[in-house]
Amino acid sequence: LPQWLSEKKKKSLRKDEEYKSRIELIQDLEFDVASQRLRLSRDGKFLAATGVYPPQVKVYELSELSMKFERHMDCEVVQFDVISDDYSKMVFLQADRTIELHAKFGTYYKTRIPRVGRDMVYDPVSCDLVIGGSSSEVYRLNLEQGRYLKPYTVLSEAVNCLDRSTVHGLLAMGTEAGSVECWDARERRRAGVVDVASAVSHGVSSGTRDGPVDEDVTAVSFEADVCVCVCVCVRARARACACVRVRVTRE
């Protein structure tokens, strides 16, 4: 409630059902063509959004329901994350293989990765920025040391999506081969592999007779200690999709 309201008015509004069920819109929450990604700061006070065209990022202050600032980018943003409690530290993975770090004043540092990136996730414990893409190597950029570390090497030719569990710290990597690999960041080793594509490939194979099957894990996310994966299998004109839930424990 606004601070300038009297205590009597505040008490009456707290019991007003119509006031409690109202919808408030954030001003200027729009892009000329499309919005790609949204992120909420850890303190819950700021919303960051990327979109096109031109490529840009906008940050909104939720308490004021208005835009705090906007910045134009050199290239489209594939993925980004807010790595501080507020909006002061953000990292962007761009379509031209650039990793761009931002501070409160704007662009702080730029670096590039060898292959095109598709997704990234930040590990606050080790300060590693983990980037997966069109390569079997998953790059690790340590933001504390300011250098690249030895990459993870997956069994597939490419990685589509990444996520990190806040419960046990395992990294889940969804691959082009239709599998999800879980890696232990402490020991930097593969903890296990889940063949997600087998849950849907049979449905595609029975529907068509000819043509190769493309199996991709397109999304992966942790809900507590449960890893939720979305796998898409395509053969010719047939398509099947499944959402698989796997309970992952760390020993």
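Each residue of the sequence shown is one higher than the one before, starting from 3 at the first, in our numbering. For each residue, glycine too, the CB sits at the ideal point set by N, CA and C.
Suppose the cutoff is 7 Å on Cβ atoms and the five residues either side in sequence are ignored; what does the same chain contact list for residue i look like?
{"i": "TYR110", "result": "LEU103 and HIS104"}
{"i": "GLU159", "result": "SER138 and GLU178"}
{"i": "PHE33", "result": "GLY53 and VAL54"}
Can you list, in chain order, the residues of its chain with a C-beta nearer than 6 Å to that of residue i? Leave out the 5 residues immediately preceding and following it.
{"i": "ASP98", "result": "CYS77"}
{"i": "ASP197", "result": "SER181"}
{"i": "GLU146", "result": "CYS129"}
{"i": "GLN81", "result": "LEU95, ASP121 and MET122"}
{"i": "SER207", "result": "Any reading at SER207 needs caution, since the residue's pLDDT is 46, under 50, leaving its predicted position unreliable; the model's value is listed next. Taken in chain order, the list of residues that qualify is empty."}
Quick check on residue i: does DSSP put it in helix, strand or coil?
{"i": "SER200", "result": "helix"}
{"i": "SER181", "result": "strand"}
{"i": "GLU159", "result": "coil"}
{"i": "GLU32", "result": "coil"}
{"i": "SER90", "result": "coil"}
{"i": "GLU217", "result": "strand"}
{"i": "SER14", "result": "helix"}
{"i": "GLU19", "result": "helix"}
{"i": "THR210", "result": "Residue confidence is low: THR210 scores 46 on pLDDT, short of 50, so the model does not pin down where it sits. No coordinate-derived value is stated."}
{"i": "VAL195", "result": "strand"}
{"i": "ASP45", "result": "coil"}
{"i": "VAL84", "result": "strand"}
{"i": "THR100", "result": "strand"}
{"i": "LEU173", "result": "strand"}
Below 8 Å CB to CB, which residues in the same chain sit around residue i once its five sequence neighbours on both sides are set aside?
{"i": "ASP83", "result": "ARG41, MET92, VAL93, MET122, VAL123 and TYR124"}
{"i": "LYS70", "result": "PHE48, VAL61, TYR62, GLU63 and TYR89"}
{"i": "ARG118", "result": "The sequence given here places Val at residue 118; Arg does not occur at that position. Only ALA97, ARG99, GLY135 and SER136 meet the Cβ criterion."}
{"i": "VAL195", "result": "LEU157, SER181, VAL182, GLU183 and CYS184"}
{"i": "MET175", "result": "GLY134, VAL140, TYR154, VAL156, VAL161, CYS163, LEU164, VAL182, GLU183, CYS184, TRP185 and VAL222"}
{"i": "GLN58", "result": "PHE33, THR52, GLU72, ARG73, HIS74 and MET75"}
{"i": "LYS112", "result": "THR100, ILE101, GLU102 and LEU103"}
Name the one or two DSSP bridge partners that residue i has.
{"i": "ASP76", "result": "Looking at the DSSP assignment, ASP76 forms no beta bridge with any residue, so it has no partner."}
{"i": "VAL61", "result": "ALA50 and PHE71"}
{"i": "ALA105", "result": "GLY108"}
{"i": "LEU151", "result": "ARG142"}
{"i": "ARG39", "result": "THR52"}
How many whole angstroms separate the CB atoms of residue i and residue j, which I take to be in contact at a CB cut-off of 8 Å?
{"i": "LEU173", "j": "VAL132", "result": "6 Å"}
{"i": "LEU67", "j": "GLN38", "result": "Actually they do not touch by this definition, with Cβ atoms about 22 Å apart."}
### Task
Could you tell me which uninterrupted beta strand (DSSP E) segments, each at least 3 residues in length, are contained entirely in the segment 108 to 139, listed from first to last along the chain?
The segment 108 to 139 is shown to contain whole beta strand (DSSP E) runs of 3 or more residues at 108 to 114, 119 to 125 and 130 to 135, in chain order.
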